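Participant: Numbering (my numbering), first residue to last: 43 to 107. Got a structure here, written out as structure tokens. Questions coming.
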Amino acid sequence: MKIKIKTKKAFSKRIRVLGNGKLKRKHSHRSHLASNKSTKQKRQARSSVMLNKSQIKRAYQLLQG
């Protein structure tokens with residue numbers, strides 16, 4: 043009997059799989075030290091970002107389980 047590959051839980055909590063198979067993540071640099079950042083930086087960090095093709099391949103390896 044083969045051993046199942048476990049999902050990387052830390053990664054799976056930071057990523058969302060969309061219906062079309064694409065992966066979505068949040069911007070970094072939002073947790074603290076916001077007073078040093080410009081309003082533009084903070085505003086742009088609110089939005090989500092799609093992973094690119096090279097990242098998606100590696101991400102699915104981490105998510106399979």
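A virtual CB, placed ideally from N, CA and C, is assigned to each residue, including glycine. It should be emphasised that the depicted structure is a prediction, and the values quoted were computed from it without experimental measurement.
Between which two residues does the alpha helix (DSSP H) harbouring Lys-99 extend?
Facilitator: Here residue 99 refers to the residue found at position 57 when the sequence shown is read from its first residue. Run containing Lys-99: 95 to 105, per the alpha helix (DSSP H) assignment.
Participant: If I measure Cβ to Cβ from Arg-56 and keep anything under 8 Å in the same chain, skipping five residues before and after, which residues do I get?
Facilitator: Taking the first residue of the sequence shown as 1, we reach residue 56 at position 14. The residues are Arg-67 and Lys-68.
Participant: DSSP three-state call for Arg-58: helix, strand or coil?
Facilitator: In the sequence shown, the residue the question calls residue 58 occupies position 16. Residue state, collapsed to three classes: strand.
Participant: Between Ser-83 and the rest of its own chain, which residues show a CB-CB distance below 8 Å, the 5 nearest in sequence each way excluded?
Facilitator: The residue labelled residue 83 in the question sits at position 41 within the sequence shown. With the sequence shown as reference, residue 83 is identified as Gln, and Ser is not the correct amino acid for it. Hits under 8 Å: His-71.
Participant: According to the Cβ coordinates, are Leu-93 and Thr-49 closer than 7 Å?
Facilitator: Residue 93 sits at position 51 when you count from the first residue of the sequence shown. Residue 49 sits at position 7 when you count from the first residue of the sequence shown. Result no, Cβ atoms of Leu-93 and Thr-49 do not sit closer than 7 Å.
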